[in-house]
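Going by the numbering used here, the residue at position 172 of the sequence shown is 901; the numbering climbs one at a time, nothing skipped.
For every residue, glycine included, the Cβ atom is placed at its ideal position computed from N, Cα and C.
All remarks here apply to the structure that follows.
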Amino acid sequence: MEWMSQTMCAVRRKLKVSIKRKILLGYGIGYLLLCVVIVWGIVHIVQLGKATDAILSENYRSILAAENMIDALERQDSAVLLIIGGNRQIGIEQFREYEADFIEWLTRAKDNITIEGEAEVLATIETTYHTYRMRFAELTGEVISEQASDGFQRYTEDLYPLFLSVRTACIELRNLNQHTMYVASETAGKVAKQAIWSTCGAAGLALLVVTLLSLVTTERVVAPIRRFIQAAKQIASGDYDIERIERTGDELGELAQEFNKMAQQLANYRDMNIDQIVTERNKSAAILASIEDG
């Protein structure tokens, strides 16, 4: 019986490894899938955030340029009024100072064209502002020889309408980028929500797969063990004529093979003992019969 004990010990070791591998494989694949889904969702949201930040940053630079052009233009308009009022030198210096600021911000805006229609608006600003500067040069030369009232009339008729045209174009540039920024923000918010919900849905699906996979794995491991327990109880009760356990393609199949061999050996051993007992009993009966005859 020692070889049977050794066989059972070896089989139990194989069963332990097999169960461990099956459990690790079942849960490992499921949780790996779940981790992939979560990482995918995080990466997708981060990339979306970076892209949105880039879009909003570009629009903000154009809005900032438009605001500074409006500010510089209004300072230039104030400088023109100073010139008309008699402060010619101060007015010209102020005009030239903010003229440089306007051109600087206009150049920045032209280097940051990102949306449809922005190039046309900037072209309008550049053309109208060029005309505005030319009329300013003419006005400053004429104001020297004219009365202030005449200079103000020329300002209101020629220069001020150009000022309004440039300012209106700058406001249009600002509004265009503000609208684009708002739309981009709304779209990004919707996409982010969809990404979050899709990630949650995928994670839920992965969790469901993990649960089902774990249940299937557990059943595949536990079902053969139940059959082994039932067979072991039959053997323990002395019933060696058990139904052979079906073999599978894994370690549990090897266990089934060894278990069937053990049950067969026990059945053979039982039959051998029964035959031996019958033989001994027949011998005893023959001896007793011969004694009685003698």
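For residue i, three-class secondary structure by DSSP
i: E948; result: helix
i: T1008; result: helix
i: N841; result: coil
i: S807; result: helix
i: N816; result: coil
i: S966; result: coil
i: G770; result: helix
i: Y884; result: helix
i: G757; result: helix
i: S943; result: helix
i: G846; result: coil
Reference residue i, options the options, closest by Cα
i: N904; options: G814, A801, E847; result: E847
i: Y884; options: C899, A866, I900; result: A866
i: E901; options: C929, L891, L942, L851; result: L851
i: I767; options: L934, K919, I954; result: L934
i: F824; options: L868, Y789, T909; result: L868
i: L888; options: S786, G770, E845, E803; result: E803
i: L891; options: E855, A924, T836; result: E855
i: D853; options: T909, A829, L944, C899; result: A small correction: the amino acid at residue 853 is Thr; Asp does not occupy that position in the sequence shown. Residue C899 is the option with its Cα nearest to T853.
i: F831; options: M798, G918, V945; result: M798
i: F881; options: I813, R864, E849; result: I813
i: E845; options: A829, N906, W926; result: N906
i: A961; options: T946, M991, G820; result: M991
i: W834; options: R817, R864, R790; result: R790
i: V772; options: T909, T928, E826, G820; result: T928
Any 3 or more C-beta pairs closer than 8 Å across the stretch 935 to 951 and the stretch 756 to 770: Segments in contact, yes.
Using 8 Å as the threshold, is the stretch 895 to 903 in touch with the stretch 855 to 872, meaning 3 or more CB pairs across them? Contact holds: three or more Cβ-Cβ distances are below 8 Å.
Three or more beta-carbon pairs under 8 Å between the stretch 833 to 844 and the stretch 784 to 803, yes or no? Contact holds: three or more Cβ-Cβ distances are below 8 Å.
Spell out a yes or no on whether the stretch 906 to 915 and the stretch 804 to 812 are touching, meaning 3 or more CB-CB pairs, one atom from each, closer than 8 Å. Fewer than three beta-carbon pairs drawn from the stretch 906 to 915 and the stretch 804 to 812 are found closer than 8 Å, and the two stretches are therefore not classed as touching.
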